[in-house]
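Quick note, the sequence shown lines up with residues 122 to 568 if you use our numbering.
Glycine included, every Cβ here is placed at the ideal spot set by N, Cα and C.
Owing to the predicted nature of the structure, the values given are computational and were not obtained by experimental measurement.
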Amino acid sequence: MTDLTAAAPVPKTSILTQDKRTKRRNAAEARFKAYGLAAVLTGIAALILLMGSILYNGLSSFQQTYISLAVELPAEALDKTGNRDPAEMRSVSTFGYTPLIAAAIEQKMAEAGVQIEGLSARDAGALISKEAPAQLRNYVLANPEVVGTTVTFNLLASGRIDGYYKGRVTMESALLDQNISQAQLQLADAFRDSGTLVTGFNWAFITSPDASDQRPEAAGLGVAILGSLYMMLIVLALALPIGVAASIYLEEFAPKNRWTDLIEVNISNLAAVPSIVYGILGLAIFINFAGLPQSAPIVGGLVLTLMTLPTIIIATRASLKSVPPSIRDAALGVGASKMQAVFHHVLPLAAPGILTGTIIGLAQALGETAPLLLIGMVAFVREFPDAPPEGFFDPASALPVQIYNWTQRSDPAFVERASGAIIVLLIFLLAMNALAIFLRRRFERRW
């Protein structure tokens, strides 16, 4: 026998000492964590910057400047017949109420002892919004018994005066602005010192309809909010049952063949189609072919239904797939039919995911603008739509379209209004997403 050859020397290593390869791997992992953290911080910073800009520009739209005036309502000017009949009093237009407001301003200046050099009576009257005579007229027609008395009103200040107390207008900018003068701003300061000019919460921004380009201080979101609500009701009534029924059939009952594969591929493709394509489809089919009215919630709801259906179908099918097959097998094993197993056992367990997908689809539809522009919902609408179902066919606007419309106007006050409308839209979206999270956690079951 020969002696065994000596074994090769074993290198002395320790698991506590990192070699070069381990150091490179740990360094790569540390870099990846740093990249991920930087990406998250960048996203958060961008979100904070965006929200800060929106809040900075839009929160002031929820505040409005008013001028409190005691307006005399003489019967000889507003109700010559003395019958206090609103039908007869309608013959007095808003031009008949303008001198009453001008007289109230002159009286207030006299009471406060305000005298400003170079300020005419017409310039003093320009402190009041052009919407004020219409508001005064509507109040008198609704309350004809006030004719012949003196009533104190909080009238809207003009957009420039409102902007003066929000930082958009200054004494220096007034020199270059033909819509306001330094004398008018001095009068506004005098009224503010005497308590005549006040600033309060602007409920009209939420409840009033849109206003013309010359009256930004009177513009509101009332018609847009109601139009969006009507469209969401139509989307919910059509997209939810159709989408859930289609998903149940495709997932539980449809045979697996080339046709169902083709349908599934097309559904996935429809979910990726740009929203403006659905607007073109709605314009061609619902308006040009079916003859439905433009700028109506029924058309907008149908277009958004087509756009939301793929999202609901995909979310519903994913929820149905997440239910364990053992649930189906157990139901069939105790004698339930296929339909009973689906509707009594599978569908209730998949309900949280279905509701979540539906609400997210509705939230996405609520913020869509392009398809609504193509069907004419960018039109200027002053009248509120009627209650459903007639209101579905009345002209209306929508929140995202109203935002787009205001950003196209030249007056800086409309930019403020647009940012305020974005805040309202974000509140609705956050509420809908919070509801989706609540429903998912409330009805979710673990197995």
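Go to residue i, then tell me how far its beta strand (DSSP E) extends in each direction, as first and last residue.
| i | result |
| --- | --- |
| Ile95 | Absent from the model: residue 95. The displayed extent of the chain is 122 to 568, so no value can be given. |
Considering only the beta carbon of each residue, do residue i and residue j sit closer than 8 Å?
| i | j | result |
| --- | --- | --- |
| Val356 | Thr429 | yes |
| Val536 | Ser518 | no |
| Ala223 | Ala242 | yes |
| Thr186 | Thr320 | yes |
| Ala471 | Gln461 | no |
| Ala491 | Ser396 | yes |
| Phe564 | Pro418 | no |
| Ala115 | Leu308 | Residue coverage of the chain in this structure runs from 122 to 568, which leaves residue 115 outside it and unanswerable. |
| Pro506 | Tyr351 | yes |
| Ala196 | Gly269 | yes |
| Ala233 | Ser181 | no |
| Gly421 | Met498 | yes |
| Glu372 | Leu441 | yes |
| Ser250 | Arg336 | yes |
| Ser333 | Leu520 | no |
List the endpoints of the continuous alpha helix (DSSP H) containing residue i.
| i | result |
| --- | --- |
| Gln485 | Leu468 to Leu487 |
| Thr273 | Note, Thr273: premise wrong, no alpha helix (DSSP H); beta strand (DSSP E) at Thr271 to Leu277. |
| Gly421 | Pro418 to Ser443 |
| Ala149 | Lys141 to Gly179 |
| Ala552 | Pro533 to Phe564 |
| Arg449 | Pro446 to Gly454 |
| Pro376 | Element bounds for Pro376: n/a, residue is neither H nor E. |
| Ser294 | Met292 to Ala295 |
| Ser349 | Gly343 to Ile369 |
| Val522 | Leu520 to Thr528 |
| Ala231 | Thr219 to Ala233 |
| Arg312 | Looking at the sequence itself, residue 312 is Phe, so the reference to Arg does not match. Gln303 to Asp314 is the extent of the alpha helix (DSSP H) around Phe312. |
| Pro207 | Pro207 to Met210 |
Per DSSP, which residues does residue i bridge with? Please list them.
| i | result |
| --- | --- |
| Gln100 | For residue 100 there is no data in the structure shown, the boundaries of the chain being 122 and 568. |
| Ile249 | Ala278 |
| Ala191 | Thr273 |
Let me know if residue i comes out buried or exposed under the rule of 16 or more other beta-carbons within 10 Å of its beta-carbon.
| i | result |
| --- | --- |
| Phe326 | buried |
| Gln523 | buried |
| Arg258 | buried |
| Thr138 | exposed |
| Phe559 | exposed |
| Asp382 | exposed |
| Met122 | In this prediction, Met122 has a pLDDT of 47, which is less than 50 and means its spatial position is unreliable; nothing more can be read from the coordinates. |
| Val394 | exposed |
| Gln299 | exposed |
| Lys229 | buried |
| Ile543 | buried |
| Arg438 | buried |
| Phe312 | buried |
| Trp103 | No information on residue 103 is available, as it lies outside the stretch 122 to 568 that the chain covers here. |
| Glu489 | buried |
| Asp140 | exposed |
| Asp515 | buried |
| Asp450 | exposed |
With 8 Å as the threshold, decide whether the Cβ of residue i is near any Cβ in chain B.
| i | result |
| --- | --- |
| Ser389 | Note that chain B does not occur in the displayed structure, where there is just one protein chain. |
Quick check: is any heavy atom of the ligand ZN less than 7 Å from the C-beta of residue i?
| i | result |
| --- | --- |
| Phe505 | As presented, the structure is devoid of all ligands, the ligand ZN included, so that no description of it is given. |
### Task
Taking 8 Å as the threshold, find out whether the region 431 to 439 comes into contact with the region 381 to 395 through three or more Cβ pairs.
With a cut-off of 8 Å, the region 381 to 395 and the region 431 to 439 count as touching, because enough Cβ pairs lie within range.
#### Entry: Contact the region 480 to 498 vs the region 547 to 562: 3+ CB pairs below 8 Å
With the cut-off at 8 Å, the region 480 to 498 and the region 547 to 562 touch.
### Query
Do the region 197 to 216 and the region 262 to 270 touch if we need at least three Cβ pairs shorter than 8 Å?
As far as the Cβ criterion goes, the region 197 to 216 touches the region 262 to 270, which means the pair count is three or higher.
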